[in-house]
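Reviewing the structure listed below.
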Amino acid sequence: MFCKPILALAAALPLVAFAADPTYTEKVGGYTFIKSGPKAENLAPKINYEWEAAQIALKLLKESLGPEGLLTTLAPAIAEADTYWKERVERSTGKLGQKEGWVSANGRAVVFLPNVTAERFVKWYLSPLADAFNNQANPEHYFKRTVVEGTSAVSDILEGWGGVTTHFGIPNFNLGINATRYPFIEPRGEGWIQATGDKALKSDGTVFGVLEIGVKNVKGADYEMPIDGVDISARVWYGDGVEDEHLEYERKHITNEIINSSLQTQKDIENGKLPV
Numbered sequence: 003m004f005c006k007p008i009l010a011l012a013a014a015l016p017l018v019a020f021a022a023d024p025t026y027t028e029k030v031g032g033y034t035f036i037k038s039g040p041k042a043e044n045l046a047p048k049i050n051y052e053w054e055a056a057q058i059a060l061k062l063l064k065e066s067l068g069p070e071g072l073l074t075t076l077a078p079a080i081a082e083a084d085t086y087w088k089e090r091v092e093r094s095t096g097k098l099g100q101k102e103g104w105v106s107a108n109g110r111a112v113v114f115l116p117n118v119t120a121e122r123f124v125k126w127y128l129s130p131l132a133d134a135f136n137n138q139a140n141p142e143h144y145f146k147r148t149v150v151e152g153t154s155a156v157s158d159i160l161e162g163w164g165g166v167t168t169h170f171g172i173p174n175f176n177l178g179i180n181a182t183r184y185p186f187i188e189p190r191g192e193g194w195i196q197a198t199g200d201k202a203l204k205s206d207g208t209v210f211g212v213l214e215i216g217v218k219n220v221k222g223a224d225y226e227m228p229i230d231g232v233d234i235s236a237r238v239w240y241g242d243g244v245e246d247e248h249l250e251y252e253r254k255h256i257t258n259e260i261i262n263s264s265l266q267t268q269k270d271i272e273n274g275k276l277p278v
């Protein structure tokens with residue numbers, strides 16, 4: 003029980019209104035949580051904080067290990083991926099040089115960035131800037147080493163899609179479409195810049211897929227936008243032995259990569275690293 007002097011003192015003090023901390027309500031695992039702590043402008047879903055921390059951790063690990071360290075550390079996963087792809091190549095009816103028997107993972111985004119055009123995006127993509135940014139373009143990017151000669155590129159890549167962590171090369175990435183080798187790829191039409199190349203396992207050269215990139219300038223008015231944009235599309239072609247579950251992982255992966263890479267193109271134009 004409070005003594006009378008304390009109660010009298012409390013009654014004499016002015017009432018102070020304490021502002022409540024800003025809160026954020028979200029559902030996690032089907033349950034409701036009302037959280038506070040961060041400043042109001044920083045309150046966000048839990049996944050936002052996890053993403054920020056994960057990017058820091060991934061960058062630290064990737065840079066500390068480096069390409070050779072990553073190849074050693076991820077060797078068991080790479081061996082599993084080699085087996086995965088060889089099994090699917092074996093059971094696929096689609097083969098290079100024939101039109102039928104192919105499926106694709108398609109991703110596409112129309113981007114509206116003030117300094118990015120189709121031609122500038124291609125220039126960036128075929129420059130060392132793309133390799134330098136590679137690890138930030140997607141969490142399952144581990145390294146990309148490219149040698150460019152004119153409009154042709156040869157790449158050494160360690161990358162994953164839903165855990166299928168694959169060490170592969172693109173030995174013949176060229177502008178245009180080799181219709182004899184890739185009869186399943188149709189020209190996209192007027193205004194499109196297309197480039198294609200094999201995806202081949204580094205372990206033994208098995209071609210397990212084909213990469214196709216397409217870019218085209220578009221009018222902003224067609225999308226009710228104040229500036230013109232670029233339609234960026236990527237399709238990765240596989241034999242029909244590859245499950246749609248895997249293709250869906252790649253579809254999500256591709257859309258993230260397009261957005262992140264086009265944003266970086268804009269930044270590299272702004273900072274002067276990509277001359278235009």
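Its first residue numbered 3, the sequence shown is counted upward by one per residue in this note's numbering.
Every residue, glycine too, gets a C-beta built ideally from N, C-alpha and C.
Separation of phenylalanine 145 and leucine 98 (C-alpha to C-alpha, rounded to the nearest whole angstrom) is 27 Å. Glutamate 252: member of the alpha helix (DSSP H) spanning 246-272, first to last residue.
Annotation for isoleucine 36: the continuous beta strand (DSSP E) segment containing it runs 33-38.
Annotation for glutamate 214: the continuous beta strand (DSSP E) segment containing it runs 209-220.
Secondary structure at glycine 68: helix, using DSSP grouped into helix, strand and coil. If you compare the alpha carbons of Trp163, Ser264, Ile179, Ser205 with that of alanine 77, the shortest gap goes to Ser205.
The C-alpha of aspartate 23 is placed about 53 Å away from the C-alpha of isoleucine 195.
Residues of the same chain with a CB within less than 7 Å of the CB of arginine 93, apart from the 5 flanking positions on each side, are Gly243 in chain order.
For glutamine 138, the uninterrupted alpha helix (DSSP H) run begins and ends at 130-139, by DSSP.
In the displayed model, isoleucine 80 falls within a helix according to three-state DSSP. Around the CB of lysine 29, fewer than 16 other CB atoms lie within 10 Å, so the residue is classed as exposed. If you draw a straight line from the Cα of aspartate 84 to the Cα of tyrosine 225, it is about 42 Å long.
Beta-bridge annotation (DSSP): aspartate 233 is paired with Val112, Lys218. Between the C-alpha atoms of proline 40 and glycine 32 there is a straight-line separation of about 23 Å.
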